[in-house]
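Undergrad:
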Amino acid sequence: MIPLLALMALIGLGAGSILETYAEQFIENPALIIMIPVVIDMGGNLGAILASRLSTGLHVGQMAPRFRDRYAAAHSIAVIALALTISAAMGVLAHLIGNVFGAGTLTLGRTLLVAITAGGLLSFVVIAVGIGATILSYRQGYDPDDTAIPVVTTACDILGIIILTGTALLLL
Amino acid sequence: MWRRETCTVSMTVPENRVVEHDDDTSAHISDMVRDTLSIGKEVYRESLPILLAALGGGIIAGSILGEEQMMDAFETIPGLLLMLPALMDERGNIFGAMGARIATGLHQGLIEPRFTWQDRLQTVFLAALINTLFLAVFVAGSSVIILNLLGMSAAPFTTLVSITLIAGLLNAVTMPVILVTLLFLGHQRGWDPNILNGPIVTTAGDIFGIGYLYIAVILVGVVL
């Protein structure tokens with residue numbers, strides 16, 4: 006367990022070094038800081054839901070191990086809709102709470118734009134990584150329940166941070 | 002829920018249907034689209050409550066991060082922001098695994114859903130404590146090394162490791178109690194601990210994990 010935990014920690018530190026490098030951007034905008042835990046959770050949770058549902062779908066035969074699959078398509082639509090719903094709510098809440106802390110330099114529109122763009126981009130990445138890891142591990146003969154879920158969750162955690170930082174740098 | 006989906010799919014789209022006329026093809030395609038959307042809708046409906054719970058936990062955690070003293074600390078303690086994602090993942094990895102083991106133990110009957118000091122529970126608690134201590138030192142040490150490699154300013158190792166140790170130990174004492182309590186109570190009501198585990202770890206882990214990080218930052222700021 007310890008080597009695996011150390012590896013996961015190193016990946017997390019990779020995401021952290023991106024935050025630390027662009028620390029000013031985050032410190033100037035409390036709304037962005039508030040979004041960090043939400044984005045990490047959202048990526049990990051969507052990835053975990055997608056990978057575990059597809060894995061079960063493969064095991065019970067509702068889904069074929071190929072990329073153009075209706076079952077996978079249905080789940081992709083759901084992931085996009087979920088990501089947009091959660092990120093819109095995240096944007097509004099982060100704006101309101103950010104204003105309570107004063108220093109709210111961002112307008113509601115700007116905060117929502119960053120939140121929804123980041124959420125939308127994150128959903129595409131979650132779908133690509135989730136479907137890719139599940140199908141590839143299944144084809145290789147590994148149980149995706151054991152292999153795909155940890156990979157997808159860790160990847161989506163770090164990708165969430167990269168996407169949030171990138172979106173904020175581009176749009177603000 | 003799985004059974005219902007299987008039925009919808011197999012009833013409305015027979016796999017062996019031979020498509021001969023254009024009318025049939027378009028009917029077939031619109032059936033397929035409708036089915037795809039209905040599966041998608043069901044996944045959306047079932048997943049939304051868990052994601053909203055995580056959103057609540059994340060926003061509370063985020064509000065603690067956005068608090069003035071914490072924002073100041075991100076400026077005055079270089080390395081704190083760097084450690085943040087690793088510390089957030091850490092509690093998911095340690096306590097997610099812990100919850101999964103308790104869930105399996107409950108299913109196998111090796112752990113009794115009663116609040117007694119059982120052997121199996123002791124092992125699980127001890128493992129979480131050891132992992133927490135190891136990661137506290139590892140994350141703080143790696144952060145100092147990474148910052149030096151990147152040529153960025155770094156807070157002293159003692160400052161960072163004091164923060165990760167205080168926050169980690171408080172977490173290692175609280176999270177097992179919360180997990181065991183909620184998983185046992187859920188189990189007694191017939192809820193699958195495997196399904197409860199994820200949302201509990203995410204939501205409670207965020208609130209307590211970041212809350213304790215805040216306490217640790219304040220304490221270290223006062224003492225050092």
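Taken in order, these protein sequences are the chains called H and E.
According to the numbering used here, the first sequence is numbered sequentially starting from 6.
According to the numbering used here, the second sequence is numbered sequentially starting from 2.
Cβ atoms here follow ideal geometry from the backbone N, Cα and C, with glycine treated the same way.
It should be emphasised that the depicted structure is a prediction, and the values quoted were computed from it without experimental measurement.
Let me know if residue 149(E) comes out buried or exposed under the rule of 16 or more other beta-carbons within 10 Å of its beta-carbon.
TA: exposed
Undergrad: Please list, in chain order, all residues of the same chain as residue 207(E) whose beta carbon is under 6 Å from its beta carbon, the five residues on each side excluded.
TA: 58, 59, 62
Undergrad: Out of 21(H), 62(H), 177(H), 30(H), which has the shortest C-alpha to C-alpha gap to residue 42(H)?
TA: 21(H)
Undergrad: Using the Cα positions of residue 56(E) and residue 91(H), report the straight-line distance between them to the nearest angstrom.
TA: Whole-angstrom Cα-Cα distance: 7 Å.
Undergrad: Could you spell out the range, first to last residue, of the alpha helix (DSSP H) harbouring residue 117(E)?
TA: That residue, residue 117(E), is in no alpha helix (DSSP H); it is neither H nor E in DSSP.
Undergrad: What is the residue span of the alpha helix (DSSP H) that residue 3(H) lies within?
TA: With chain H covering 6 to 177 only, the question about residue 3(H) has no answer from this structure.
Undergrad: Would residue 80(H) pass as an interface residue toward chain E - the criterion being a Cβ-Cβ separation below 8 Å?
TA: yes
Undergrad: Would you give the residue range spanned by the alpha helix (DSSP H) that residue 69(H) belongs to?
TA: Premise fails: residue 69(H) is in no alpha helix (DSSP H) and is neither H nor E.
Undergrad: How would you list, in chain order, the residues of chain E whose beta-carbon sits under 7 Å from the beta-carbon of residue 87(H)?
TA: Within chain E, the residues near residue 87(H) are 45, 48, 49, 52.
Undergrad: Name the residues in the region 150-167 of chain E whose C-beta lies less than 9 Å from a C-beta of chain H; which are they?
TA: 151, 153
Undergrad: With a 10 Å radius around its C-beta and 16 neighbouring C-beta atoms as the bar for buried, classify residue 88(E) as buried or exposed.
TA: buried
Undergrad: Do you know how far the Cα of residue 75(H) is from the Cα of residue 158(E)?
TA: If you take the alpha carbons of residue 158(E) and residue 75(H), they lie about 52 Å apart.
Undergrad: Please name the residue in 130(E), 135(E), 154(E) whose C-alpha comes closest to that of residue 173(E).
TA: 130(E)
Undergrad: Starting from the Cα of residue 181(E), find the closest Cα among 100(E), 145(E), 138(E), 203(E) and give me that residue.
TA: For the residues 100(E), 145(E), 138(E), 203(E), the minimum Cα distance to residue 181(E) belongs to 100(E).
Undergrad: When the cut-off is 8 Å and only beta carbons count, does residue 76(H) lie next to chain E?
TA: yes
Undergrad: Can you tell me whether DSSP reads residue 22(E) as helix, strand or coil?
TA: With a pLDDT of 49 at residue 22(E), under the threshold of 50, the modelled position of that residue is not reliable, and no figure is offered here.
Undergrad: Work out the CA separation of residue 29(E) and residue 22(E) for me, nearest whole Å.
TA: Caution is warranted here: a pLDDT of 49 is assigned to residue 22(E), below 50, making its placement in the model unreliable, and no coordinate value can be reported.
Undergrad: Evaluate contact between the region 44-64 of chain H and the region 174-194 of chain E, counting only Cβ atoms and requiring at least three cross-stretch pairs below 8 Å.
TA: no
Undergrad: Closest to residue 80(H) by CA distance: which of 40(E), 52(E), 47(E), 210(E) is it?
TA: 40(E)
Undergrad: If we require 4 or more residues per run, which alpha helix (DSSP H) segments fall completely within the region 89-115 of chain E?
TA: none
Undergrad: Could you check which residue in 95(H), 140(H), 166(H), 120(H) has the C-alpha nearest to that of residue 154(H)?
TA: Measuring from the Cα of residue 154(H), the nearest candidate turns out to be 140(H).
Undergrad: Could you check whether residue 176(H) and residue 118(H) sit closer than 8 Å to each other, using their CB atoms as the reference points?
TA: yes
Undergrad: At a Cβ threshold of 8 Å, is residue 68(H) touching chain E?
TA: no
Undergrad: Which residues of chain E have a Cβ atom closer than 9 Å to the Cβ of residue 106(H), listed in chain order?
TA: Near residue 106(H) (Cβ distances below 9 Å), the residues of chain E are 64, 67, 68, 69, 72.
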